[in-house]
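Numbering (the working numbering), first residue to last: 41 to 148. From the three backbone atoms N, C-alpha and C, an ideal C-beta is built for every residue, glycine too. Structure first, commentary second.
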């Protein structure tokens with residue numbers, strides 16, 4: 041969520057926000073919304089899938105053209121987030137998540 045608030049709101053310490061509906065603005069919206077959903081455990085799998093794809097695109101657009109190796113191009117954090125979000129897609133939310141509470145409340 042911190043990266044999304046930095047891109048969209050300039051908090052903390054950003055020079056200026058990106059133009060609305062630009063690629064950077066869209067990434068900020070996805071980071072902020074999906075980060076909040078994952079933190080709350082609400083619609084976790086869908087939010088993690090979207091966030092994982094966004095991090096993969098961010099790596100290939102911003103980091104990969106500089107150098108092939110993530111250590112050299114500064115994209116190691118993007119790859120890490122991509123695979124952590126991908127793990128959450130398959131593992132799902134934890135037992136204390138909103139999704140878990142919703143599934144217990146739904147009669148089967």
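Comparing alpha-carbon positions, which option in the options lies nearest residue i?
i, options, result
"residue 81", "145, 147, 128", "128"
"residue 143", "72, 63, 84", "84"
"residue 74", "94, 123, 61", "94"
"residue 72", "62, 61, 48", "48"
Leaving out the 5 sequence neighbours to the left and right, which residues in its chain are closer than 6 Å to residue i when beta-carbon positions are compared?
i, result
"residue 65", "58"
"residue 92", "122, 125, 126"
"residue 110", "116, 119"
Count the other CB atoms within 10 Å of the CB of residue i; is the residue buried (16 or more) or exposed (fewer)?
i, result
"residue 77", "buried"
"residue 115", "buried"
"residue 67", "buried"
Here's a check: name, in chain order, each residue in its chain whose Cβ is nearer than 8 Å to the Cβ of residue i, leaving out the five neighbours to either side.
i, result
"residue 137", "80, 81, 82, 84"
"residue 61", "none"
Leaving out five residues before and five after residue i in sequence, what residues of the same chain have Cβ atoms less than 7 Å from its Cβ?
i, result
"residue 107", "113"
"residue 63", "none"
ask   = Contact between the region 119 to 133 and the region 86 to 105: three or more CB pairs below 8 Å?
value = yes
ask   = Do three or more CB pairs link the region 121 to 133 to the region 85 to 92 at distances below 8 Å?
value = yes
inquiry  = Could you tell me which whole alpha helix (DSSP H) segments of length 4 or greater appear in the region 69 to 126?
reply    = 84 to 98, 110 to 113
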